[in-house]
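Residues in the sequence shown are numbered consecutively from 4, following full-length UniProt numbering. C-beta atoms are modelled at their ideal positions from N, C-alpha and C, and glycine is treated no differently. Source: prediction; values computed, not measured. Have a look at the structure below before the remarks.
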Amino acid sequence: LNNNLTSNQPVKKLDSDGVFHSWSAQGSLDPLVIKSGSGCRLWDYEGREYLDFSSQLVNTNIGHQHPKVVSAIRAQLEELSTVAPAHANYARGLAAEKILARAPEGFHKVFFTNGGADANENAIRMARTITGRDKVLSSYRSYHGGTGSAIVATGDFRRVPNEYARAHVHFFTPYLYRSDFWAQNEEEESARALQHLRRVIEAEGPGSIAAILLETIPGTAGILTPPKGYLEGVRALADEFGIVLIFDEVMAGFGRTGKWLALDHFDVTPDLISFAKGVNSGYVPAGGVIISERISRYFDENMFFGGLTYSGHPLGMAAICGTLDAMEEEDIVGNAARIGSEVLAPGLKQIAEQHEVVGEVRGVGVFQAIELVEDRESRQPLNAKSMGQAKASMVESGLLPFVVANRIHVVPPCIVSVEEAKKGLSIISDVLGSIRR
Ligand code: PLP
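In structure tokens, the structure reads:
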């Protein structure tokens, strides 16, 4: 795969000739070409440099090509590059130990998957098995992954215990800036959102609900930190009705919010935690479910009907071990917290003061967002054309942003330096200043 390419063109041609892209109509794509990276920077084949304020899909928490992670993967590759999930392997056991050491007290086991979607699939599967119920309640404002039909399409015996109807029910979760509950403050938003959830549970029939699945801090939906008391209230409802509570930490976990897990910001413990992305920054795909004692004990005696050929893949596991060790040794989680509170939060506040087009800024750690509006009075989201132009201008200025709907998510790697964070904010500010509505 070594090449001496000095032009992006052959790469673009190969891509457009043969690669089918995610979540896109294929006809008019013009993907940015990336050759290599280091830390928070990326380069194309022509030497153009980009500052990565997206962490790709908010997953390269440790930045690109961290030498400790690369060498952990390389060492494992030389010893054993794959092994069946039924065998015991040092890298897998060590990865589980390191993850459990960062989970709340009372979590006993880790089931490994290939990524975040199948982490949620398996967390839901565990909740359904243990409760004997099928419905899953989750937020309209969420993303939990792109799978869902594979096991039901399966023809062999493994399908049977997983053949549930499309038993998914959605509800509204807190978002004070665009409150669905006519709330004026966080207290009202939290109390009314909890009352709404109680009504949904009652109306659906508590005896049919296996799980409530929530991103601890919804990410793609807009970085919506729940108000005080909300998650604690959801925990109380789950307990009252015997429902398994699953927190999806796929995007918010492993340093992104300035703590190991986003749930560390709250006084609440779920029953299952799904994770992926930041656990090894995606150097090798991996994810999983962290399982509380009660649920892990249940599966001591009862069969678990789930599994993946690459569950606990040794290269993914080595990447987890290398990542978590490096994050610890270099205080990368602390860096995310400091950059968040000392550079990003004040910088975004200033941007909000300078630019009328900003409706709200919010977030924590290196997990922050700028919400753009047509005008502050109506709060109407900024139109798609202006958003597209803003995104193109940022890329033109050497910044790789993470843009969703009418928002710029400010999500650089957790290792981002003060200078890099300031440079990224300055490009964003210049681009916002040039928006013509
Ligand atoms: N859960 C959350 C919160 C996510 O943000 C994502 C991906 O963005 C997923 C699950 C799905 O993870 P994956 O794409 O690894 O399947």
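> From LYS231, MET330, ILE212 and ARG410, pick the residue whose C-alpha is nearest to that of ASP270; which is it?
Replying inline: Within the sequence shown, residue 270 is the residue found at index 267, counting from 1. ASP270 has its Cα closest to that of LYS231, out of LYS231, MET330, ILE212 and ARG410.
>> Let me make sure I understand the geometry here. Which of ILE249, PRO177 and LEU32 has the alpha-carbon closest to that of LYS16?
In response: On the sequence shown, residue 16 is found 13 positions in, with the first residue counted as 1. The shortest C-alpha separation from LYS16 is found at LEU32.
> If you draw a straight line from the C-alpha of ASP328 to the C-alpha of ALA321, how long is it?
Replying inline: Position 325 of the sequence shown, counted from the start, is the residue given in the question as residue 328. Position 318 of the sequence shown, counted from the start, is the residue given in the question as residue 321. Using only the alpha carbons, I get a separation of about 11 Å.
> Among the residues of its own chain, which have a CB less than 8 Å from the CB of VAL113, if the five just before and after it don't count?
Replying inline: Here residue 113 corresponds to residue number 110 of the sequence shown, with the count starting at 1. Only ALA98, ALA99, ILE102, LEU103, GLY291, VAL292, ILE293 and ILE294 meet the Cβ criterion.
> If you check the beta carbons only, do GLY362 and LEU375 fall under 8 Å apart?
Replying inline: Along the sequence shown, one-based indexing puts residue 362 at 359. Along the sequence shown, one-based indexing puts residue 375 at 372. The answer is yes: Cβ separation under 8 Å.
>> Here's the rule: buried if 16 or more other CB atoms are within 10 angstroms of the residue's CB, otherwise exposed. What is ASP274?
In response: Locating residue 274 in the sequence shown gives position 271, counting from the first residue. With 16 or more other Cβ atoms within 10 Å, it is buried.
> CA-CA distance, PRO415 and GLY401?
Replying inline: For the purposes of this step, residue 415 is taken as the residue at position 412 of the sequence shown. For the purposes of this step, residue 401 is taken as the residue at position 398 of the sequence shown. Spanning the two alpha carbons is a distance of roughly 14 Å.
> According to DSSP, is GLN353 helix, strand or coil?
Replying inline: Walking along the sequence shown from the start, residue 353 turns up at place 350. Residue state, collapsed to three classes: helix.
> Do three or more CB pairs link the segment 8-27 to the segment 46-64 at distances below 8 Å?
Replying inline: yes
> Thinking C-alpha only, which one of TRP185, ILE335 and GLU108 is nearest ARG259?
Replying inline: In the sequence shown, the residue the question calls residue 259 occupies position 256. Here the closest residue by C-alpha is ILE335.
> What are the partner residues of VAL398, as DSSP defines its beta bridges?
Replying inline: By 1-based counting over the sequence shown, the position of residue 398 is 395. According to DSSP, VAL398 bridges with nothing at all.
> How about PHE184 and GLU190: are their beta carbons less than 8 Å apart?
Replying inline: The residue labelled residue 184 in the question sits at position 181 within the sequence shown. The residue labelled residue 190 in the question sits at position 187 within the sequence shown. Not closer than 8 Å, so no.
> Using a threshold of 7 Å, is the CB atom of ASN409 nearer than that to any non-hydrogen atom of the ligand PLP?
Replying inline: Counting from one through the sequence shown, the residue named residue 409 turns up at place 406. Result no, Cβ not under 7 Å from the ligand PLP.
> Which first and last residues belong to the beta strand (DSSP E) in which VAL364 is found?
Replying inline: Counting from one through the sequence shown, the residue named residue 364 turns up at place 361. Where VAL364 is concerned, the enclosing beta strand (DSSP E) stretches over 361-367.
>> Whole angstroms are fine: how far does the CA of ARG162 sit from the CA of VAL72?
In response: Translated into the one-based positions of the sequence shown, residue 72 becomes position 69. Translated into the one-based positions of the sequence shown, residue 162 becomes position 159. Looking at the two C-alpha atoms, the distance is approximately 37 Å.
> Where in the segment 172-223 do unbroken runs of the alpha helix (DSSP H), each at least 4 residues long, occur, reported from the N-terminal end onward?
Replying inline: 189-207
> Is the segment 240-253 touching the segment 118-126, taking contact as three or more C-beta pairs under 8 Å?
Replying inline: yes
>> Could you check whether the Cβ of GLY222 sits closer than 7 Å to any heavy atom belonging to the ligand PLP?
In response: In the sequence shown, residue 222 corresponds to position 219, counting from 1. At least one heavy atom of the ligand PLP is nearer than 7 Å to the Cβ of GLY222, so yes.
>> Rounded to the nearest angstrom, what separates LEU35 and LEU60 at their Cα positions?
In response: Taking the sequence shown and counting its residues from 1, the one referred to as residue 35 is at position 32. Taking the sequence shown and counting its residues from 1, the one referred to as residue 60 is at position 57. Whole-angstrom Cα-Cα distance: 14 Å.
> Considering only residues of the same chain and omitting the five flanking positions on each side of VAL282, which have a CB-CB separation below 6 Å?
Replying inline: As a position in the sequence shown, residue 282 is number 279, starting the count at 1. The answer, listed in chain order, is PHE257 and ILE323.
>> So, at 8 Å on beta carbons, what are the nonlocal neighbours of GLY245 in its own chain, with the 5 sequence-adjacent residues on each side left out?
In response: Counting from one through the sequence shown, the residue named residue 245 turns up at place 242. Once the five neighbours on either side are set aside, the close Cβ partners of GLY245 are THR134 and PRO209.
>> So, at 6 Å on beta carbons, what are the nonlocal neighbours of PHE115 in its own chain, with the 5 sequence-adjacent residues on each side left out?
In response: Numbered from 1 along the sequence shown, position 112 holds the residue referred to as residue 115. Within the same chain, PHE115 has close Cβ partners GLY291, SER314 and GLY315.
> Which class does LEU403 belong to by DSSP, given the choice of helix, strand or coil?
Replying inline: For the purposes of this step, residue 403 is identified with residue 400 of the sequence shown, where counting begins at 1. Of the three classes helix, strand and coil, the one that applies to LEU403 here is strand, per DSSP.
> Contact check, ILE65 vs SER284 under 8 Å by CB: the rounded distance?
Replying inline: Counted from its first residue, the sequence shown places residue 65 at position 62. Counted from its first residue, the sequence shown places residue 284 at position 281. About 4 Å separates the two Cβ atoms, so the contact holds.
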